[in-house]
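For reference, the structure is listed below as structure tokens.
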Amino acid sequence: MMNTLRSLTAAGALALAVVPAFPIIGPTSAYANPATPEKLWDGFSSPVGMAFDAAGNLFVAEWGAGRVSRIDPAGNRTTFADGISGPSGLTIGPDGTIYVASYSRDEVYRFTPAGERSVHVTGLATPAGLSFDRTGRLLIANRRTNQILTVTGSGGLEPVIDGLRTPVGAVQTPDNGYVVSNIGGGVTLLRPDGSRIEAGEAFGTPGPGVATTKDGRVFVVDYGGTTVREVLPDGQSRAVADGLRSPVGLVVAPDEASLLTAAWGDGAIYRIPLPK
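Residue numbers (the numbering used here): 5 to 280.
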């Protein structure tokens, strides 16, 4: 498995560059046979948030162990940070800073690539998934207030989306819309004009793992089921992989040829090839 991560990162880290606005795209027909996930690593303690840095290191927030692990491109695993209460969401900023949400302490921490830790923001309400939008704003799925929040320049909190159903993950799409996973039920597609599609009927319980490719395809884990699903622009979805035990974390590999998902049920990380 050591060579697998090296091949995933050979094309460079997932870019956060601004691209011209265009609607999310993707095929509309169902996949005949969802992929069987390939196990890469196991032995994680309730893994949730995942992200790649520019050097191809994979960072994994382990809720049950209170730590963040790092897997280098050769497949070597080390502890990047520990002593975190309920680490959930994890994302990496354009400058390489690592952000980790503490679900239990209602805080988000920031870490330098060398591991130096500071409190980025407090006063949250069970923060779950983290991501960055196309302008570089940190998005926080603030579960208990049913909002997606961002941090202002003065360090305050500002709502980006209100009126959700216990959100646990969100991504911005290339057309400046959003896709939000709600652990309380369903997936919300928010259009740039403010209109919404409430979707996700095929999900048992959408989880924090929401990921988007550069061309706008969006994938969401079904924490209450066994699948990872692609969410289509019309709100329909289709399984791209099946057979997982409560998948919860999700990230697009740097080569954009596959997804990596973390399963809560067996503490393992799997690779899923991206269907065309």
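Idealized CB from N, CA, C, for every residue including glycine.
Mind checking whether Thr-95 and Ala-55 have CB atoms under 8 Å apart? yes
Among Gly-173, Ala-261, Leu-263, Ser-250, which one has its Cα closest to the Cα of Ser-50? Ser-250
Quick check on Val-232: buried or exposed, where buried means 16 or more other Cβ atoms within 10 Å of its Cβ? buried
Please say whether Leu-194 and Tyr-182 have beta carbons closer to each other than 8 Å? yes
Name the one or two DSSP bridge partners that Arg-249 has. In the DSSP output, where bridge partners are listed per residue, Arg-249 has none listed.
Roughly how many angstroms lie between the CA atoms of Ala-59 and Asp-166, to the nearest whole one? 35 Å
4 or more residues per run - each alpha helix (DSSP H) lying fully within the segment 60-94: Whole alpha helix (DSSP H) segments, 4+ residues: zero.
What would DSSP say about Thr-149, mapped onto helix, strand or coil? helix
As assigned by DSSP and simplified to three states, the class of Asn-186: For Asn-186, the secondary structure class from DSSP, reduced to helix, strand or coil, is strand.
If I'm right that Val-244 touches Ala-39 with Cβ under 8 Å, what's the distance once you round it to whole angstroms? Contact flag correct, Cβ pair sits at about 6 Å.
Inter-residue Cα distance where the pair is Asp-179 and Pro-196: Annotation: Asp-179 to Pro-196 spans about 7 Å, alpha carbon to alpha carbon.
Give a yes or no on whether the C-beta atoms belonging to Gly-253 and Gly-213 are separated by under 8 Å. yes
Phe-136, enclosing beta strand (DSSP E) - first and last residue: 131-136
Contact the segment 60-75 vs the segment 89-106: 3+ CB pairs below 8 Å: Counting Cβ pairs under 8 Å, three or more are found: they touch.
At which residues does the beta strand (DSSP E) containing Ala-215 begin and terminate? 210-216
How would you label Ala-118, buried or exposed, when you count the other beta carbons within 10 angstroms and need 16 or more for buried? exposed
Expressed to the nearest angstrom, what Euclidean distance is found between the alpha-carbon atoms of Leu-161 and Asn-146? Leu-161 and Asn-146: Cα-Cα distance of roughly 11 Å.
Tell me, to the nearest whole angstrom, how far the beta carbon of Arg-121 is from that of Ala-85; I am working on the premise that it is less than 8 Å. Confirmed, about 6 Å.
Going by other Cβ atoms of all chains shown within 10 Å of its Cβ, with 16 needed for buried, is Ser-73 buried or exposed? Buried: at least 16 other Cβ atoms inside 10 Å.
Phe-207 bridges to which residues according to DSSP? Answer is none; Phe-207 lacks a bridge partner.
Please look up how many angstroms separate the CB atoms of Pro-210 and Val-224, rounded, as I've assumed it's under 8 Å. 5 Å
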